[in-house]
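In the numbering used here, the protein residues as written are 1 to 242.
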């Protein structure tokens, strides 16, 4: 009996030491992620009455306000990251039927929204790069112009966090009669490097967007972007294409 009773406190100490070791390991892991500059992305559904206000706009005398958001993406992490350059390695013929990929014009500039005025109109697919430092200072990336979002599919691929979903918007007051809009979104988020690639389309589907996304040729540039580069730390995404 005495021998058994003497063992119990020692066993309890072993459990306590093991628990403390787990806590310490987790703390060290979190600290290591912070030291390594890892970004964290969270996603939630917006409250129907929620409003997102930007900074004061001198020309308007008031801040820009966004309301009617469906999804809200927020980020934590360092205040800067490296800018990237990207180019699709694959594009279906029905999206880019035999047109050029020159970076000074053609479909490359329009689809990637790089260096082309009015790029977000008239093409069936849009690919955009955003950077987490824009949003780390209390900002949000918003999905607007949506009444309903399908179940979000989350995956991991090649170091990316992947989000896939569809969106529906009813337009009963559209000129000429009711005109519902269905869109699909494919988001590639790189938590270590802090960039977010969004692919969206009115005419394509998620399988097509995934093929395009996984063909992207992505290269870091010598340019660094920081939180201070943005006047407004809120931004919205929608297909922006027709």
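Even for Gly, the Cβ is constructed at its ideal location relative to N, Cα and C. Values in this document were obtained by computation on a predicted structure and should not be read as measured data.
Asked, Found
"6 Å CB neighbourhood of residue 54 in its chain, flanking five on each side removed", "63, 64, 232, 234"
"Where residue 198 falls, given that 16 or more other Cβ within 10 Å makes a residue buried", "buried"
"Residue nearest to residue 192 in terms of C-alpha spacing, selected from 82, 45, 88", "82"
"Contacting residues, own chain, Cβ-Cβ under 8 Å from residue 33 (five flanking each side not counted)", "With a pLDDT of 41 at residue 33, under the threshold of 50, the modelled position of this residue cannot be trusted; read the value that follows with caution. Within the same chain, residue 33 has no close Cβ partners at all."
"Option in 76, 146, 202, 170 with minimal Cα separation from residue 68", "146"
"Element boundaries [beta strand (DSSP E), containing residue 214]", "First-last for residue 214: 206-215, but that is the alpha helix (DSSP H), not the beta strand (DSSP E)."
"Element boundaries [beta strand (DSSP E), containing residue 63]", "62-67"
"Identity of the residues DSSP links to residue 190 by a beta bridge", "195"
"The beta strand (DSSP E) enclosing residue 39, as first and last residue numbers", "No beta strand (DSSP E) holds residue 39; DSSP gives it neither H nor E."
"Beta-carbon proximity of residue 135 to residue 141, cut-off 9 Å", "yes"
"Assigned exposure category for residue 76 - 16 Cβ within 10 Å defines buried", "exposed"
"Selection from 208, 219, 196, 166 that minimises the alpha carbon distance to residue 133", "196"
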